[in-house]
Each structure stands twice: as structure tokens, then as C-alpha cells.
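Protein chains in written order, with the numbering used here: chain A, 16 to 387; chain B, 39 to 205; chain C, 49 to 213.
C-beta: ideal position from N, C-alpha, C; glycine also.
These figures come from a predicted structure and were not determined experimentally.
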Amino acid sequence: MTVPISLRHDETFVLNLGPQHPATHGVLRVILTLDGEYVVKAEPVLGYVHRMHEKLAEGGTFAQFMPNTARMDYLHALAFNHGWALVVEKAAGIEVPERAEYIRVITVELNRIASHLLWWAAFLLDLGGFTPLLYAFDDREKIIDLLERVTGSRLTYCYMRFGGVYNDIDDEFIAGTRAFIKRLRSRMPRFYHDLVTHNIILIKRIKDIGFITPEQCRRYGATGPVARGSGISYDIRKNEPYSVYPEFDFEVPVFDECDSMARYMVRMHEMEQSLRIIEQALDKLPDGPVMGKAPKVLKPEAGYYYSAVETARGSLGYRLICDGGKNPYKLKLRSPTFSNLSLFGEVAEGMLLADALAFMGSLDLVIPEIDR
Amino acid sequence: MDIREKTQIALALLFPAAPVTEVPVVAEGPPPPRDAGVVIQDFPRCGSHLDVLCRPDQVVAVAQIMDTEGFFLESIAGVDWLEKQQLEVLYDYNRLGGEHCRVMVRTLVPRTEPVVPTISAVFPAANWHERETFDFYGVHFQDHPNLIRILLPEDADFHPLLKDFMP
Amino acid sequence: MGTENVPSSIVQFAQLDKLLNLGRANSLWPMTFGLACCAIEMMCTGGSRFDISRFGAEVFRPSPRQSDVMIVAGTINKKLEMAVKTLYDQMPEPKWVIAMGNCAISGGPFKVKENYNVVEGADKLFPVDVYIPGCPPRPEALLEGIMTLEEKITGKRRWPRVHAG
Numbered sequence: 016m017t018v019p020i021s022l023r024h025d026e027t028f029v030l031n032l033g034p035q036h037p038a039t040h041g042v043l044r045v046i047l048t049l050d051g052e053y054v055v056k057a058e059p060v061l062g063y064v065h066r067m068h069e070k071l072a073e074g075g076t077f078a079q080f081m082p083n084t085a086r087m088d089y090l091h092a093l094a095f096n097h098g099w100a101l102v103v104e105k106a107a108g109i110e111v112p113e114r115a116e117y118i119r120v121i122t123v124e125l126n127r128i129a130s131h132l133l134w135w136a137a138f139l140l141d142l143g144g145f146t147p148l149l150y151a152f153d154d155r156e157k158i159i160d161l162l163e164r165v166t167g168s169r170l171t172y173c174y175m176r177f178g179g180v181y182n183d184i185d186d187e188f189i190a191g192t193r194a195f196i197k198r199l200r201s202r203m204p205r206f207y208h209d210l211v212t213h214n215i216i217l218i219k220r221i222k223d224i225g226f227i228t229p230e231q232c233r234r235y236g237a238t239g240p241v242a243r244g245s246g247i248s249y250d251i252r253k254n255e256p257y258s259v260y261p262e263f264d265f266e267v268p269v270f271d272e273c274d275s276m277a278r279y280m281v282r283m284h285e286m287e288q289s290l291r292i293i294e295q296a297l298d299k300l301p302d303g304p305v306m307g308k309a310p311k312v313l314k315p316e317a318g319y320y321y322s323a324v325e326t327a328r329g330s331l332g333y334r335l336i337c338d339g340g341k342n343p344y345k346l347k348l349r350s351p352t353f354s355n356l357s358l359f360g361e362v363a364e365g366m367l368l369a370d371a372l373a374f375m376g377s378l379d380l381v382i383p384e385i386d387r
Numbered sequence: 039m040d041i042r043e044k045t046q047i048a049l050a051l052l053f054p055a056a057p058v059t060e061v062p063v064v065a066e067g068p069p070p071p072r073d074a075g076v077v078i079q080d081f082p083r084c085g086s087h088l089d090v091l092c093r094p095d096q097v098v099a100v101a102q103i104m105d106t107e108g109f110f111l112e113s114i115a116g117v118d119w120l121e122k123q124q125l126e127v128l129y130d131y132n133r134l135g136g137e138h139c140r141v142m143v144r145t146l147v148p149r150t151e152p153v154v155p156t157i158s159a160v161f162p163a164a165n166w167h168e169r170e171t172f173d174f175y176g177v178h179f180q181d182h183p184n185l186i187r188i189l190l191p192e193d194a195d196f197h198p199l200l201k202d203f204m205p
Numbered sequence: 049m050g051t052e053n054v055p056s057s058i059v060q061f062a063q064l065d066k067l068l069n070l071g072r073a074n075s076l077w078p079m080t081f082g083l084a085c086c087a088i089e090m091m092c093t094g095g096s097r098f099d100i101s102r103f104g105a106e107v108f109r110p111s112p113r114q115s116d117v118m119i120v121a122g123t124i125n126k127k128l129e130m131a132v133k134t135l136y137d138q139m140p141e142p143k144w145v146i147a148m149g150n151c152a153i154s155g156g157p158f159k160v161k162e163n164y165n166v167v168e169g170a171d172k173l174f175p176v177d178v179y180i181p182g183c184p185p186r187p188e189a190l191l192e193g194i195m196t197l198e199e200k201i202t203g204k205r206r207w208p209r210v211h212a213g
């Protein structure tokens, strides 16, 4: 029963943010109870782009699920491909040749940079600045051109196979990647840091906004840049290494301030570290085949398997249960943004509405990944 | 003593009747059935260090032990075993930084009356994960503060991930 | 809601109609309605490489009351379909709809026998003017879709057709 406005004792009103909204990064609805401009209660409502990925996994074979993995988080689709390839290779005992592992790492890190560039552009678009979008998309188009040469797609890649990758990289790709690394390194100080990071408007908007304590991160299961911006040094590439990541020398940026500025700086530094990884991988790239031996019809042994990869948003987990047949019996996708968003309700209480949106942008949400 | 041994010892206190066993190396066919207890798993092959099978009423006690040891709840999944007429709820615990240890906790409930106590008082992350398991499988979590659907429309009357569901 | 008969205007313009249509076609204001992956390609079209503003369409309006064309970019859900229909109804006439991507055309990769949640195509809810296939379609395909819509509005195609080879 709704109480008429005149009889309510408090001054709060309920405002519906979304599902169609320019700043919600997809179809997210947040039911906000506001007291003037202050948020009293924030309740995210999900499910507006639920596309039944877990049911589709049970209905088709293992290989038929690979295109679906890219549609979940389309900004870092190669990492989702990688995680699925890893868990099925674990279950079926398939070996991957070394050249394929290096190519996987190079393409995944390029995709990570593209994802962070788009996050940066969208974040600043939420805060009101349109120009950074043009600069970020310019660099992103260079990455997409490189990846399109090799994978055939611009956004939703279906590049990895069980046992390797399906297409080899050529010299033009390697030369193009080195040229891109040089270009991004030369543009970062001026177009990214001078224009935006040291900009007083950005600093005033995101510094000391949205404090997430490390204990909150642990209680809600937040991982990725959200946890690393609160002082927790957890990166699956270092803590639980997979593929050939132990061969590379890179750092995991961790900031202690726990506010949105810390999460922003984590992602900016991660882009530089990804460039380092790509350089080292190009230098050490071995020769050899790019596809290992995999049976035509995969029937992994029955059991419970788990694999985790580090995406641009956090730790992605695939919990696979096989029963010996050619379809997965059950697949559970542990999506990093689902856990990151679950702390929005607690942290946004008491904030100004504009600050709540800046905080939401710093969480880096991709809604189809939450809804699967 | 590393964290895996410490956790294993703390968890084994809940199962006085079953000793801690290792998964047999020769595995032909499905793993042997067991009632309850802690099993050490082969991490490179399976992806988790410990496999704990417990009764539904022990779920909160296990969650409290994991919280004391400093784990975080990564995900909650449901599984539908149609032939055995059972639903399984699977909890994944992991550590944020430091030594690495991943623990899988499983519990089985009858398919016709799936009721499990909630752990959202111990881990607030469980709030949304349990809503999702309820949404997909119909598992009812007792004492959950807000057990409504999360991904399907609120007025949906089916649980889609059950094996005998076809629209 | 079925089709409605919109009464023709009392005042009939002749050559002015053509001029108005030319104006409408070259300043289509889209609504920001990115639902899923195709939204990113729509954003790339708005960037400086593919540059939708050459065609007058870079002013993406968040509100349906201020927009001409709804580019349905992404999958429509059973939970979302009432909201999409409301947004379509809120747009003032004359309005057009572009269905971008396979999901908006027919449900795309989610049109399977286990489908319990995806609406199979935007044209189940309202009439669609231009269909752009692809998963996701390239930005050039979206630009071609805008040019096709312009041809539908004015009757003539202003831009040369690019042939392969």
C-alpha cells in the first residue's frame, strides 16, 4: 500500500534509475530512495539482459559454447575464451603447445588494454567529459585492427580452441603490435595523464568518493581492480598462475586509499603493465605449432573442475561438472562484476547522487556479464 | 603448517566419524559415493584443494570456520541430479592474497523439498548468490532476508535450470 | 496494441514535404538504447574513425521524447520488453526503428529450443524499418543502415554504393 506524499513523515522519495539510462553501462536498474540529493537506500535490480548462458551450455557440446563465452563480457572476450579453454583442457587432459600459450597471452593482454580504454572513456562520459572518448577510441581502433587481422572479429572473439588457437600470427601483426606499444606509451603522458588524471575537475569528482574497506571486499567477494584499489594484492596471474604468466616480469599495481581515485589509478597502471607483458612475450615468442592434439568429440572424465582467470574486471571462474558425456552436465560462471556490484547497496548509502554515479562508474560494470 | 592443512584440520572436527582421505589416483568411472567428510584433491587436475561434503544443517558451521580462517565466498551454484532425485548446492571458497587455497563445499538435499539454511549472516556475498540459486533451481534458503528472484522476472513461475524443464 | 490509422493531415504540403523529409533524413537523432554487445559497435560508430556525425546523427539523446530513431542494439528480454514498448510509445511521430544485430532481428544466437527468456526479434513488439545483420555488425554496416533509412525517408539515395572488388 503506498502512503500519500502528504502523510509521509520523512522527506524521502523513490527514484528509478534505468534500465534505460545513459550512465548505467547497460541495462541496470537501481531503485534509489533519496532524501533530496542524498541516497538513503540503493537497490540494484538485475536480469534485464539475462540470456540463459548456463542453460545453453547444458544443451550443446563443449565446443559449441565457445562463442557464448565472448558474448558475456564483450569487452574482454578473449579472457572469457581463455578460461573456458583452460577448464575443458583441464578436464580432458589436452596439452597446449608453447607458441599457442604465448599467442594467447599476447592477445588477452591487448584485449585487456582495449577494455580499460573503453572503461576510461565511458567513466569520463558519465562524469560529463566527451573528449576523452574520442582519444580512447582512436587507440582502441588500433588494437581492434591488430586483433581483427588474426582473429577475424572486432568485438566478440571466438579465437581459442581446445588445444591452442586456430590461427597463427604473422610478422605484420608483430610489427604492428610493437608500433602500437610505442604509440600508446608516447600518448599516455599527454592525452591521458595531463588532460585527465591531473585534471582538477576529475580529482574533485572522484577523490575520497566511494570508500570500500578491505574487509568489505572480503565479505562481498570483490576482486580485480576493486580489491586492488583497497590495498588487497590479489591477481590470479600472480597468486594462482596459469598459462605462461610465470615467465614474465610484471607488477601488480595496488593502491591503499580505497577510494574511486585508487581504482582509477590501478587501471591506468595496469595498462602500462600489460604493455610490458606484451613486449616480453613478443621477444620470447617461440616457434612451433599453434594447435595441440584434441579429440574430435570431447568426452572428459566425470568430475568437478574449476579454472580461474584474471579479466579486466576481476577473477572469473568456470565451475564445470562433467558426467562423461559430450555435453557439460553443469556449468556455473562466477562473474566478477556480480560480486563487485553486490556491495553497491551498502557503500552508496549516504552519498550524493552524483557521487553514487561516479562510484558506480569506478566499479567498471558490464551488465551482460552480471546477468549471463 | 600451511593454510590448507590448517583448514582441513578445522573442518575435520565437524566430521568425527569420517577420516580425511585422498582421492584415489586410479579413477575409472565415477568417484565412489561417500556420506560426508573432507577429501584432499589434486589441485592441478581439479582446480580446488579440498572437497567437503556436508549435511545441509552443517552448512552454517562450515561457513563460520571458513570465515574465521579468512576465506571469502566466491560463488554458490546448484546442480540437479535428476536420476538420484537430489539437488546439490555447491559453495566455492577462496583466499584473497597470501597463500592460495580453494575449498569446495557440497551439500545434497532431496529434489522435492530442497531447504538449506542461509549463510548470508556470515558472508553478505551469499545474499545475491542464494537468490540466484533459488531463481534457477527452487532451493529455499531458510532465514534469508530477501529471497526473491534476481535474474528472471518476478512473476516467473518456473525454475529454468532444472533438468526436466523445457519451455 | 495493433496498428493504428493515423489520420492524414488536413493541410497537404507538396514540395515542402520533400524538403521536410530531406531535413528529417539528414538529422536523425538516435536514442541511446544500447542493450548488449552491439552497443559498443554503436559507440565506435560515434567515435572519430567511423564518425556518424557526417550523417547528422551524432546527437544521441537519452530521452525518447527528443529522438527520431531508436537503434535497438542488443537482445530484448521478457523482463525488458514492457520497458522497450513504453520507450517506443513515448517517441513522438515521425519515428523510425533500426534493428541492429542478430538479436534484435530474430533473437540471434539465443533462438534455441531452450529459450525461455529472450524475445525473438524487435519486430515482435513494434514495426521495424531497417534490419542490420551481424553479430555484432561492423560500424560500416550501421552507417549503411542509416543510409538505407535515409533512402526510405526521402526516396532517393544520396551516397554512392560501394561494391566489393
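Which residues of chain A have a Cβ atom closer than 9 Å to the Cβ of Glu162 (chain C), listed in chain order?
As a working note, residue 162 (chain C) is residue 114 in the third sequence. Ordered by position in chain A, the residues that pass the 9 Å Cβ test against Glu162 (chain C) are Met67, Lys70, Leu71, Glu73, Gly74.
Exposed or buried, Trp207 (chain C), counting other C-beta atoms within 10 Å across all chains shown (16 or more means buried)?
Taking the third sequence and counting its residues from 1, the one referred to as residue 207 (chain C) is at position 159. By the neighbour-count rule (16 or more Cβ atoms within 10 Å), Trp207 (chain C) is not buried but exposed.
Pull out every residue of the stretch 82-103 of chain C whose Cβ sits closer than 7 Å to any Cβ of chain A, in chain order.
Leu83, Ala84, Cys85, Ile88, Glu89, Cys92, Gly95, Ser96, Arg97
From the DSSP output, read off the bridge partner residues of Lys56 (chain A).
Here the question's residue 56 (chain A) lines up with position 41 in the first sequence. Bridge partners of Lys56 (chain A): A:Thr48.
Under a three-way DSSP split, which group does Trp135 (chain A) fall into?
What you label residue 135 (chain A) is simply residue 120 of the first sequence in a count that begins at 1. If DSSP states are grouped into helix, strand and coil, Trp135 (chain A) belongs with the helices.
Which first and last residues belong to the alpha helix (DSSP H) in which Val100 (chain B) is found?
As a working mapping, residue 100 (chain B) is identified with position 62 in the second sequence. Note, Val100 (chain B): alpha helix (DSSP H), 97-107.
Cβ-based burial, Asn414 (chain A) [other Cβ within 10 Å; buried from 16]
This structure leaves residue 414 (chain A) out entirely; chain A is present only between 16 and 387.
To the nearest angstrom, how far is the alpha carbon of Pro62 (chain B) from that of Val143 (chain B)?
Here residue 62 (chain B) corresponds to residue number 24 of the second sequence, with the count starting at 1. Here residue 143 (chain B) corresponds to residue number 105 of the second sequence, with the count starting at 1. Only weak support exists for where Pro62 (chain B) lies, its pLDDT of 48 falling under 50; the coordinates are left without a value.
Leu76 (chain C) and Ala105 (chain C) closer than 8 Å at C-beta
Mapped onto the third sequence, residue 76 (chain C) falls at position 28. Mapped onto the third sequence, residue 105 (chain C) falls at position 57. It is a contact, given that the beta carbons lie within the stated cut-off.
Taking Cβ-Cβ distances shorter than 7 Å, what residues in chain B pair up with Lys127 (chain C)?
To locate residue 127 (chain C), count along the third sequence from 1; it is residue 79. Pro191, listed in chain order.
Could you round the C-beta distance between Asn96 (chain A) and Met175 (chain A) to whole angstroms and report it? I think they count as a contact, below 8 Å.
For the purposes of this step, residue 96 (chain A) is identified with residue 81 of the first sequence, where counting begins at 1. For the purposes of this step, residue 175 (chain A) is identified with residue 160 of the first sequence, where counting begins at 1. Contact holds; Cβ gap of about 4 Å.
Please list, in chain order, all residues of the same chain as Ala277 (chain A) whose beta carbon is under 6 Å from its beta carbon, the five residues on each side excluded.
Within the first sequence, residue 277 (chain A) is the residue found at index 262, counting from 1. Taken in chain order, the residues that qualify are Gly244, Phe270.
Please return the same chain residues whose Cβ sits closer than 8 Å to the Cβ of Phe110 (chain B), not counting the five positions on each side in sequence.
The sequence position of residue 110 (chain B) within the second sequence is 72, counting from 1. Same-chain partners within the cutoff: Tyr131, Asn132, Arg133, Leu134, Phe161, Ala163.
Cβ neighbour criterion (16 or more within 10 Å) applied to Pro183 (chain B)
In the second sequence, residue 183 (chain B) corresponds to position 145, counting from 1. The residue is exposed, with fewer than 16 neighbouring Cβ atoms inside 10 Å.
Of all Cβ atoms in chain C, is any one closer than 8 Å to the Cβ of Met204 (chain B)?
For the purposes of this step, residue 204 (chain B) is taken as the residue at position 166 of the second sequence. With 8 Å as the cut-off, Met204 (chain B) counts as an interface residue toward chain C.
List the endpoints of the continuous beta strand (DSSP E) containing Leu346 (chain A).
Your numbering for residue 346 (chain A) matches position 331 in the first sequence. Start and end: 345-349.
Phe174 (chain C) CB to nearest chain A CB: under 8 Å?
Locating residue 174 (chain C) in the third sequence gives position 126, where the first residue counts as 1. False, the Cβ-Cβ gap to chain A never drops below 8 Å.
Given 8 Å, three or more beta-carbon pairs between the stretch 81-98 of chain C and the stretch 117-135 of chain C:
yes
Along the chain, where does the beta strand (DSSP E) containing Val281 (chain A) start, and where does it finish?
In the first sequence, counting from the first residue as 1, residue 281 (chain A) sits at position 266. From DSSP, Val281 (chain A) is part of no beta strand (DSSP E) but of the alpha helix (DSSP H) over 275-299.
Cβ of Ser158 (chain B) less than 8 Å from any chain A Cβ?
Indexing the second sequence from 1 puts residue 158 (chain B) at position 120. No, because no Cβ of chain A sits closer than 8 Å to the Cβ of Ser158 (chain B).
Around the Cβ of Ile47 (chain B), are there at least 16 other Cβ atoms within 10 angstroms (buried) or fewer (exposed)?
The residue you call residue 47 (chain B) lines up with position 9 of the second sequence. Per the 10 Å Cβ criterion, exposed.
If contacts are defined as beta-carbon pairs under 8 Å, then Lys200 (chain C) and Asp177 (chain C) qualify, I think. What distance do you get, rounded to the angstrom?
For the purposes of this step, residue 200 (chain C) is identified with residue 152 of the third sequence, where counting begins at 1. For the purposes of this step, residue 177 (chain C) is identified with residue 129 of the third sequence, where counting begins at 1. Contact holds; Cβ gap of about 6 Å.
Can you tell which of C:Arg97, C:Asn74, C:Phe174 has its C-alpha closest to the C-alpha of Val145 (chain C)?
Position 97 of the third sequence holds residue 145 (chain C). Measuring from the Cα of Val145 (chain C), the nearest candidate turns out to be C:Phe174.
Whole angstroms is fine: what's the gap from Pro34 (chain A)'s alpha carbon to Arg109 (chain C)'s?
The residue labelled residue 34 (chain A) in the question sits at position 19 within the first sequence. The residue labelled residue 109 (chain C) in the question sits at position 61 within the third sequence. For Pro34 (chain A) and Arg109 (chain C), the distance between alpha carbons rounds to 15 Å.
In the DSSP output, which residue or residues are listed as bridge partners for Phe110 (chain B)?
Reading the second sequence from its first residue, position 72 is the one you call residue 110 (chain B). Beta-bridge pairing links Phe110 (chain B) to B:Asn132.
Evaluate the contact criterion for the stretch 116-126 of chain A versus the stretch 198-218 of chain A: three or more CB pairs, one atom per stretch, below 8 Å.
no
Hey, is the stretch 361-373 of chain A in contact with the stretch 87-101 of chain A, meaning 3+ C-beta pairs nearer than 8 Å?
no
Return the Cβ separation of Gln124 (chain B) and Arg93 (chain B) in integer angstroms, given the expectation that the two are a contact with Cβ distance under 8 Å.
Translated into the one-based positions of the second sequence, residue 124 (chain B) becomes position 86. Translated into the one-based positions of the second sequence, residue 93 (chain B) becomes position 55. Not a contact, Cβ separation roughly 13 Å.
Near Leu139 (chain A), which residues of its chain fall below 6 Å by C-beta distance, leaving aside the five closest residues on each side in sequence?
Numbered from 1 along the first sequence, position 124 holds the residue referred to as residue 139 (chain A). Pro147, listed in sequence order.
Going along chain B in order, which residues have a C-beta closer than 8 Å to the C-beta of Ala242 (chain A)?
Counting from 1 along the first sequence, the entry for residue 242 (chain A) is found at position 227. The contacting residues are Leu134.
Assuming Gln96 (chain B) and Leu88 (chain B) form a contact by the criterion Cβ under 8 Å, report the distance between their Cβ atoms to the nearest whole angstrom.
Residue 96 (chain B) sits at position 58 when you count from the first residue of the second sequence. Residue 88 (chain B) sits at position 50 when you count from the first residue of the second sequence. Rounded, the Cβ-Cβ distance is 15 Å, inconsistent with contact.
Counting only beta-carbon separations shorter than 8 Å, does Arg176 (chain A) have a partner in chain C?
Locating residue 176 (chain A) in the first sequence gives position 161, counting from the first residue. It does not: the Cβ of Arg176 (chain A) has no partner Cβ on chain C nearer than 8 Å.
Report the residue from A:Ala323, A:Gln288, A:Phe145, A:Gly239 whose alpha carbon sits nearest the alpha carbon of Met203 (chain A).
Reading the first sequence from its first residue, position 188 is the one you call residue 203 (chain A). Checking every option, the nearest Cα to that of Met203 (chain A) belongs to A:Gln288.
Count the other CB atoms within 10 Å of the CB of His131 (chain A); is the residue buried (16 or more) or exposed (fewer)?
Here residue 131 (chain A) is taken as the residue at index 116 of the first sequence, counted from 1. Buried is the call here.
Determine the DSSP secondary structure at Tyr235 (chain A), reduced to helix, strand or coil.
Counted from its first residue, the first sequence places residue 235 (chain A) at position 220. It is helical.
Meets three-Cβ-pair contact criterion under 8 Å: the stretch 163-179 of chain A and the stretch 224-242 of chain A
no
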